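Engineer: Handing you this structure, nothing more for now.
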Amino acid sequence: MAAVARALIGTTLLVDGVGGMVVETEAYDRNDPASHSFRGPTLRNAAMFGPPGHAYVYRSYGIHWCLNLVCGGEPGAAVLIRALDPAFGLDAMHSRRGGLPVRDLCRGPGRLCQALGITDALNGRRLDEAPFLLRPRTAEPVIAAGPRIGISQGVATPWRFGLAGSRLLSRPMRG
DNA sequence: ATGACGATGCACT
DNA sequence: GTGCATCGTCATG
């Protein structure tokens with residue numbers, strides 16, 4: 190749901206105390222050909238059809254992990270977390286990802302999962318319990334929207350959201 | 001049983 | 001900008 194994806198920009202996401210402010214998200218739902226839930230429930234996407242407020246973690250390109258937050262309302266809706274502003278646990282992030290510039294630690298869905306230590310072990314887990322911690326935003330951010338990244342269907346749906354002007358996005362915002 | 005294809009990231013030109 | 005690693009998942013036969 191796009192409203193949830195927007196609402197998550199500016200919130201803070203931590204896993205075992207490591208993380209930062211969410212600066213980029215994408216929305217997916219069941220009526221969306223780009224969504225893993227489009228073809229109905231399967232073993233992989235089961236968490237998307239489970240209760241809201243849980244994590245959906247999937248493997249991307251056989252290599253990376255990606256984190257989604259499952260939404261309420263119609264089943265099969267979730268928000269992909271695409272980038273964070275690294276702020277807490279920078280030592281842990283660097284030990285997992287190497288001595289990169291801070292701005293590169295969480296810029297991209299696979300990168301942020303590596304930096305935060307997110308794997309399929311967290312698939313289906315509640316987001317309101319350890320190791321997760323979600324902290325509400327303290328100010329109303331200016332949000333830019335545009336087409337989602339890396340999909341071949343549903344390209345016209347502008348369900349990518351980012352903190353306007355941020356240099357921490359996985360790619361510059363367009364649209 | 002098998003093949004096509006990724007909600008990506010990195011190295012390289 | 002381009003090429004490609006790498007393997008689970010799903011659709012098809």
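The opening position of the first sequence corresponds to residue 190 in my numbering, with each subsequent residue numbered one higher.
Virtual Cβ for every residue (Gly too), placed ideally from N, Cα, C.
A quick note: this is a predicted structure, and the numbers were derived from the prediction, not measured.
Should residue 215 and residue 349 be called a contact, given that it needs their Cβ atoms to be closer than 8 Å?
Structural biologist: Closer than 8 Å, so yes.
Engineer: Taking C-alpha atoms, which residue in 293, 277, 313 lies nearest to residue 204?
Structural biologist: Closest option to residue 204, Cα to Cα, is 277.
Engineer: Let me check understanding here. Comparing Cα to Cα, which of 195, 231, 212 lies closest to residue 355?
Structural biologist: Looking at the Cα atoms, 212 is the closest of the given residues.
Engineer: Check the DSSP bridge columns for residue 270 and list the partner residues they point to.
Structural biologist: Beta-bridge pairing links residue 270 to 214.
Engineer: Roughly how many angstroms lie between the CA atoms of residue 332 and residue 272, to the nearest whole one?
Structural biologist: Between residue 332 and residue 272, the C-alpha separation is close to 14 Å.
Engineer: Quick check: the stretch 312-319 against the stretch 236-253, are at least 3 beta-carbon pairs closer than 8 Å?
Structural biologist: Cβ pair count under 8 Å is three or more, so yes.
Engineer: Determine the burial state of residue 252: buried for a count of at least 16 other Cβ atoms within 10 Å of its Cβ, exposed for fewer.
Structural biologist: Label assigned to residue 252: exposed.
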